[in-house]
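Chemist: Top to bottom, those sequences are chains U and E.
Numbering-wise (my numbering), the first sequence opens with residue 55 and increments by one.
Numbering-wise (my numbering), the second sequence opens with residue 55 and increments by one.
Ideal Cβ positions, reconstructed from N, Cα and C, are used throughout, including at glycine.
Please read all numbers here as calculations on a predicted model, not as lab measurements.
Protein chains: 2
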Amino acid sequence: MNYLGTRLRELRESQGLLLRQVAAQIDVDTALMSKLERGERRAQREHIIRIATVLNANEKDLIVLWLADRIKDVIQDEPLAEEALKLINKTL
Amino acid sequence: MNYLGTRLRELRESQGLLLRQVAAQIDVDTALMSKLERGERRAQREHIIRIATVLNANEKDLIVLWLADRIKDVIQDEPLAEEALKLINKTL
DNA sequence: TTATATTTGACAGAAATTGACAAGTCAATA
DNA sequence: TATTGACTTGTCAATTTCTGTCAAATATAA
Numbered sequence: 055m056n057y058l059g060t061r062l063r064e065l066r067e068s069q070g071l072l073l074r075q076v077a078a079q080i081d082v083d084t085a086l087m088s089k090l091e092r093g094e095r096r097a098q099r100e101h102i103i104r105i106a107t108v109l110n111a112n113e114k115d116l117i118v119l120w121l122a123d124r125i126k127d128v129i130q131d132e133p134l135a136e137e138a139l140k141l142i143n144k145t146l
Numbered sequence: 055m056n057y058l059g060t061r062l063r064e065l066r067e068s069q070g071l072l073l074r075q076v077a078a079q080i081d082v083d084t085a086l087m088s089k090l091e092r093g094e095r096r097a098q099r100e101h102i103i104r105i106a107t108v109l110n111a112n113e114k115d116l117i118v119l120w121l122a123d124r125i126k127d128v129i130q131d132e133p134l135a136e137e138a139l140k141l142i143n144k145t146l
């Protein structure tokens with residue numbers, strides 16, 4: 055499961071928009087938009103900013119989801135992930 | 055500050071070994087070993103495995119530090135890092 | 001079937017990462 | 001001050017990873 059993509063799809067569908075429409079507004083290929091929603095590609099910061107506008111969403115909320123995805127990319131399939139996170143939290 | 059590199063230097067120095075000696079045993083350039091200790095380069099998993107042997111360290115412990123470094127790479131300079139970590143922890 | 005929406009696979013170009021080499025700094029000491 | 005040894009730094013080519021597009025495939029609905 056991917057945080058940002060799931061949310062983007064929710065937002066888009068709840069507003070009755072098509073992939074193509076959102077993609078056009080943020081000036082990317084529809085295929086890419088599809089991939090972003092399914093977590094097959096990671097969005098650029100700039101994308102998120104534009105998407106937030108188009109979907110009337112809070113940019114910071116989306117960035118949090120995006121960061122979470124990127125952290126997950128690092129720790130997924132890592133048996134020692136929890137330990138590493140504990141260490142990070144301790145230090146932070 | 056970097057987790058793994060700091061620990062590697064501790065381990066090496068506490069055993070009175072030279073960079074050159076450790077580097078030779080794990081079959082990398084001394085310059086690279088130096089960079090690993092200072093966090094200027096990220097080690098490969100395979101490196102860590104070999105280093106653990108050479109420095110008589112626990113491999114899993116080193117992997118935890120290595121993962122923590124990689125998570126830190128993602129969240130550093132991110133004002134929303136804490137929120138993202140909270141989200142990850144909640145889901146995990 | 002036809003039309004429309006979304007997904008997939010393949011690809012080229014861009015960007016990031018890698019590790020080696022050579023040259024550099026620095027401190028100790030001959 | 002010259003030399004030596006330990007470590008660091010800059011640069012670079014090679015490799016790997018990532019990006020976004022296009023064309024084709026698949027799905028969904030009328």
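So A135/E packs on L121/U, CB below 8 Å; how close in whole Å?
Modeler: So it is a contact: roughly 7 Å between Cβ atoms.
Chemist: Is there contact here, the segment 65–74 of chain E with the segment 108–115 of chain E, by at least three beta-carbon pairs under 8 Å?
Modeler: Result yes; three or more Cβ-Cβ pairs closer than 8 Å.
Chemist: What beta strand (DSSP E) runs, 3 residues minimum, are completely inside the segment 90–139 of chain U?
Modeler: Runs of the beta strand (DSSP E) inside the segment 90–139 of chain U: none found.
Chemist: Does the Cβ of M87/E have 16 or more other Cβ atoms within 10 Å, making it buried, or fewer, making it exposed?
Modeler: Looking at its Cβ environment, which holds 16 or more other Cβ atoms inside 10 Å, M87/E is buried.
Chemist: Report the residue from I125/U, L90/U, K144/U whose alpha carbon sits nearest the alpha carbon of E132/E.
Modeler: Cα-wise, what sits closest to E132/E is I125/U.
Chemist: Write down the C-beta distance between T148/U and R74/U rounded to the nearest angstrom, noting that I regard them as a contact closer than 8 Å.
Modeler: Since the first and last residues shown for chain U are 55 and 146, residue 148/U lies out of range.
Chemist: Please state whether the Cβ-Cβ distance between L62/U and E100/U is less than 7 Å.
Modeler: The answer is no: Cβ separation not under 7 Å.
Chemist: Tell me the DSSP secondary structure of L72/U in three-state form.
Modeler: DSSP places L72/U in coil when its eight states are reduced to three.
Chemist: Below 8 Å on the Cβ atoms is my contact criterion, and I expect V118/E with A138/U to pass it. Report the Cβ-Cβ distance as a whole number of Å.
Modeler: With 8 Å as the limit, V118/E and A138/U qualify as a contact, their Cβ atoms being about 5 Å apart.
Chemist: Could you give the distance in angstroms between the alpha-carbon of K114/E and the alpha-carbon of N143/U?
Modeler: Using only the alpha carbons, I get a separation of about 19 Å.
Chemist: How would you label L146/E, buried or exposed, when you count the other beta carbons within 10 angstroms and need 16 or more for buried?
Modeler: It is exposed - the Cβ of L146/E has fewer than 16 other Cβ atoms within 10 Å.
Chemist: Going by C-alpha distance, which of L141/U, K89/U, L116/U is nearest I103/U?
Modeler: Here the closest residue by C-alpha is L116/U.
Chemist: Return the residue from the list E64/U, V82/U, L141/U, G59/U that minimises the CA-CA distance to E94/U.
Modeler: Of E64/U, V82/U, L141/U, G59/U, the residue nearest in Cα terms is G59/U.
Chemist: Any beta carbon from chain E within less than 7 Å of E132/U's own beta carbon?
Modeler: For E132/U, the answer is yes, since a Cβ of chain E falls inside 7 Å of its Cβ.
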